[in-house]
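Trainee: I have a structure I would like to understand better, so I am pasting it below and will then ask my questions one at a time.
Numbering (our numbering), first residue to last: 1 to 166.
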């Protein structure tokens with residue numbers, strides 16, 4: 001069989017936006033001690049919103065909703081994770097989303113209205129890594145100056161602030 005799996009992230013004109021108002025709130029970034037990283041997280045995802053989105057389908061709407069739950073709960077160091085996964089995978093062989101941070105933010109946001117988060121975490125992780133694969137597999141995005149600049153500056157700020165030099 002030659003059945004193709006539809007890509008999660010699409011770049012056609014009839015796509016659903018990558019960001020919606022729920023995700024655009026970036027609640028997980030609000031108490032960060034690094035305004036430099038916070039600004040770059042927001043800029044990166046707004047920039048990607050102009051280039052990528054979700055298919056205009058039931059599945060696309062579900063993916064958009066889950067991805068925006070992730071963005072709403074994301075932590076600033078996600079920029080380091082993205083930079084490592086897209087450009088320096090050989091440096092950090094095991095890059096994982098910090099669901100400790102994400103779930104703390106989710107629980108604060110949802111209050112007592114949350115159940116087990118394992119299934120949501122799994123879906124968010126799949127979408128995050130699919131975004132990485134989409135950027136890596138698209139030479140225009142991977143070599144995009146603005147994406148490189150935002151991730152590179154974030155990496156530099158992070159190293160400077162944490163004094164965690166290699």
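The beta-carbon is built from N, C-alpha and C at its ideal position, and this holds for glycine as well. It should be emphasised that the depicted structure is a prediction, and the values quoted were computed from it without experimental measurement.
Take the Cβ of residue 76 as the centre, count every other Cβ of all protein chains shown within 10 Å, and call the residue buried at 16 or more, exposed below.
Mentor: For this step, residue 76 is matched to residue 76 along the chain shown. Under this definition residue 76 is a buried residue.
Trainee: Using three-state DSSP, classify residue 7 as helix, strand or coil.
Mentor: Numbered from its first residue, the chain shown carries residue 7 at position 7. Coil at residue 7, not helix or strand.
Trainee: Between which two residues does the alpha helix (DSSP H) containing residue 158 stretch?
Mentor: Reading the chain shown from its first residue, position 158 is the one you call residue 158. Where residue 158 is concerned, the enclosing alpha helix (DSSP H) stretches over 145-162.
Trainee: Have a look at 15, 152, 118 and flag the residue whose alpha-carbon is nearest the alpha-carbon of residue 88.
Mentor: The count along the chain shown starts at 1 and reaches residue 88 at position 88. Selected option, being the one with the closest Cα: 152.
Trainee: So, is residue 56 buried or exposed, given that buried needs 16 or more other C-beta atoms within 10 angstroms?
Mentor: What you label residue 56 is simply residue 56 of the chain shown in a count that begins at 1. With fewer than 16 Cβ atoms within 10 Å of its Cβ, residue 56 is classed as exposed.
Trainee: Which term fits residue 84, buried or exposed, when burial requires 16 or more other beta carbons within 10 angstroms of its beta carbon?
Mentor: On the chain shown, residue 84 is found 84 positions in, with the first residue counted as 1. Buried: at least 16 other Cβ atoms inside 10 Å.
Trainee: When burial is assigned at 16 or more other CB atoms within 10 Å of the CB, is residue 160 buried or exposed?
Mentor: Numbered from its first residue, the chain shown carries residue 160 at position 160. Classification for residue 160: exposed.
Trainee: Locate the alpha helix (DSSP H) running through residue 73, then write down its first and last residues.
Mentor: For the purposes of this step, residue 73 is taken as residue 73 along the chain shown, with counting starting at 1. That run of the alpha helix (DSSP H) goes 58-73.
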